[in-house]
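Mapping to this note's numbering: the sequence shown position 74 is 1017, numbers consecutive.
Have a look at the structure below before the remarks.
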Amino acid sequence: MKNIAVIGAGTMGNGIAHTFAQTGFKVTLIDINEASLKKGIVTISKNLDRMVAKEKITELEKAKTLSNITSYTSIEEGVKSSDLVVEAATENLDLKLSIFKQLDVACSKNTILATNTSSISITQIAAVTSRPDKVIGMHFMNPVPIMTLIEIIRGYNTSNEVTKIIMDLSKALGKEPVEVNDYPGFVANRILMPMLNESIETLYNGVAGVHEIDTVMKLGMAHPMGPLQLADFIGLDVCLSILNVMYNGFKNPKYAPCPLLVNMVNAGKLGVKSGEGFYDYSESRKAEKIAKQFI
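Here's what the structure looks like:
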C-alpha cells in the first residue's frame, strides 16, 4: 500500500494527509473547494515548521513531506491510483453517502475505502457501495500528527483481511489502532459526548460557571483541558451532530443534547472556529476569556 487519497482539506483531512506524507506515503489531498485546498496545504506547511522549530524533524524532512502531497479538486482524478481512500469531509450523512457512491465508481475494485467519521454508521456508508467488505472506519484524533489513537471501526460486512491491513497500516504510521464495532458513537464519542453534554447541562442548570466546571475537571480529574473548553475545541456543531446520531441510534434520552447546546449552535456560537463558544476567542485561541453570555 503506497498511494493514499484523502478527501477533504479541513482540520482532519490536512492532518491525515500530513501524517501519511510524513511517513513516506504518496498522498493526494482532494477538496472541491480550491481555496480550502490551498489553506490545507498552508496549514500542513505551518505545522511542519513548528516541528522543525522543536527539532522533531529537519528542513529536509519537511521538504520531503510536502513533496509527497499532490492536491486535486476532482475526486475522479485524485483517486485514480489510490490503494486507500480516507474520507474526511464534513460530518454529514448525505454528503458522505454521495462521496462513497462516487468513490465506488472512480476507484479500482481493490481500493479500500475508509471514513474518518466520528459517529456515523460504517455499515450504512458501506451499503451504498458494491464493496461493503472493503469499507472501514479510521477515526483519527485531533490534532492528527500528534495524537496516537486511531479508532478502527468494523462495519457489519468489513472483512478480516481489510481490518488487518488497516490495523497494520495504522501501526506503520506510528499510531495505536484500537478495533471496535459499529454502533453509534463507537467508543470514544459514546463515552466522551455524554460527559461534555452533562457539563453543558451543569452550566445550563446554574450549578456552576464555565471556569468553575472546567477547573473541577482539570484539577480534580487530571483532564488536560476542561470539558467546556474541549467542546469549544471540537466545535459545538460537531458535538451536537454526534449527540443527535447517538440519540437517534439508541433512542435513549440520556443522549439528548442539552437545550443550551442547541441554542448556541443555532446562534452560530460554535467555539474556536467561530470565535466564541463558552469562551471568547476574539483576542486569543486560548480559553482564557469567558464568553460574555456566561459572565
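All C-beta atoms, glycine included, are put in the ideal place defined by N, C-alpha and C.
The model shown is predicted, which means the values in this text are computed figures rather than measured ones.
| Beta-bridge pairing of V970 - partner residues as DSSP gives them | According to DSSP, V970 bridges with I947, I1012.
| Starting from P1120 and walking both ways along the beta strand (DSSP E), at which residues does that stretch end? | Counting along the chain, the unbroken beta strand (DSSP E) around P1120 starts and ends at 1119-1124.
| field | Segment contact, 8 Å Cβ cut-off, at least three pairs: the stretch 954-968 with the stretch 1035-1052 | value | In this structure the stretch 954-968 does not lie against the stretch 1035-1052, because fewer than three pairs of beta carbons, one per stretch, are closer than 8 Å.
| task | Assign A1057 to one of three DSSP states: helix, strand, or coil. | result | In this structure, A1057 counts as strand in the three-state DSSP scheme.
| Run of the beta strand (DSSP E) containing H1154, from where it starts to where it stops | Judged by DSSP secondary structure, H1154 falls outside any beta strand (DSSP E) and instead within the alpha helix (DSSP H) spanning 1153-1164.
| field | Alpha carbon of T1101 to alpha carbon of D1076, nearest angstrom | value | Answer to the nearest angstrom: the Cα atoms are 4 Å apart.
| query | Got a sec? Which residues, its chain only, sit under 6 Å from M1207 by beta carbon, not counting five neighbours each side? | reply | Contacts found: L1179.
| Which of helix, strand or coil DSSP assigns to I1095 | Looking at I1095 - three-state DSSP - the assignment turns out to be strand.
| With a CB to CB cut of under 8 Å and the five nearest residues on each side skipped, what residues in its chain are close to I1233? | Here the set comprises G1152, V1153, H1154, F1221, Y1222, D1223.
| Helix, strand or coil at I1238 [DSSP, three-state] | I1238 carries a coil assignment under DSSP once its states are collapsed to helix, strand and coil.
| field | Alpha carbon of M937 to alpha carbon of S1051, nearest angstrom | value | Residue 937 lies beyond the residue range present for the chain, which begins at 944 and ends at 1238; the question has no answer from this structure.
| With 16 as the cutoff for other CB atoms within 10 Å, does Y1099 come out buried or exposed? | The residue is exposed, with fewer than 16 neighbouring Cβ atoms inside 10 Å.
| request: Using DSSP bridges, identify the partner residues of M1081. | output: DSSP output for M1081 lists I1095 as bridge partner(s).
| query | When you compare only the Cα positions, how much space is there between L1108 and K969? | reply | Reading off the sequence, residue 1108 comes out as Ile, not Leu. About 17 Å.
| request: Could you say which of I1238, E1020, L991 lies nearest to N957 if we only look at CA atoms? | output: Comparing Cα positions, the closest option is L991.
| query | Can you check whether the CB of L980 is closer than 8 Å to the CB of T1016? | reply | Yes. Within cutoff.
| said: Is the separation between the beta-carbon of A1049 and that of I1089 shorter than 8 Å? | reply: Taking 8 Å as the cut-off, the Cβ atoms of A1049 and I1089 do not count as close.
| task | From the DSSP output, read off the bridge partner residues of E983. | result | Correcting the residue identity first, residue 983 is Gly in this sequence and not Glu. Looking at the DSSP assignment, G983 forms no beta bridge with any residue, so it has no partner.
| query | If you follow the alpha helix (DSSP H) that V1028 is part of, which residue opens it and which one closes it? | reply | Unbroken run through V1028 is the beta strand (DSSP E), 1027-1030; no alpha helix (DSSP H).
| request: Just grab the DSSP bridge partners of I1233 for me. | output: Paired residues: Y1222.
| query | At which residue ranges does the stretch 1181-1216 contain complete alpha helix (DSSP H) runs of 4 or more residues, listed in the order of the chain? | reply | Every alpha helix (DSSP H) stretch that sits fully inside the stretch 1181-1216 and reaches 4 residues is listed by chain position as 1202-1209.
| Helix, strand or coil for V1087 per DSSP? | Coil, per DSSP.
| said: For a quick check, are the C-beta atoms of G1128 and I1177 less than 8 Å apart? | reply: No, Cβ-Cβ distance for G1128 and I1177 is not below 8 Å.
| message | Give me, in chain order, the residues of the same chain whose beta-carbon lies closer than 6 Å to that of S1225; leave out the 5 immediate sequence neighbours on both sides. | response | For S1225, where only same-chain residues beyond five positions count, the Cβ hits under 6 Å are G1218.
| task | With distances taken Cα to Cα, identify the nearest neighbour of S1062 among V1071, E1004, A996, F1083. | result | Minimum Cα distance to S1062 is reached at F1083.
| request: With DSSP as the reference, label R1074 as helix, strand or coil. | output: Coil, per DSSP.
| field | Through-space distance from P1167 to D1157, alpha-carbon basis | value | Looking at the two C-alpha atoms, the distance is approximately 10 Å.
| Beta-carbon proximity check, N1011 vs E1030, cutoff 8 Å | No.
| query | Which residues in the same chain have their Cβ closer than 8 Å to the Cβ of E1034, if we skip the five residues on either side of it in sequence? | reply | Excluding residues within five positions, the ones whose Cβ falls inside 8 Å are T1060, S1061, S1062, I1063, V1181, S1184, I1185.
| Straight-line gap, V1121 to L1173 (C-alpha atoms, nearest Å) | The alpha-carbon atoms of V1121 and L1173 are separated by roughly 22 Å.
| query | Are there 16 or more other CB atoms within 10 angstroms of the CB of L1162, so buried, or fewer, so exposed? | reply | Classification of L1162: exposed, given that the 10 Å Cβ count is below 16.
| request: Please state whether DSSP places R1261 in a helix, a strand or coil. | output: Any question about residue 1261 goes unanswered here, given that the chain covers just 944 to 1238.
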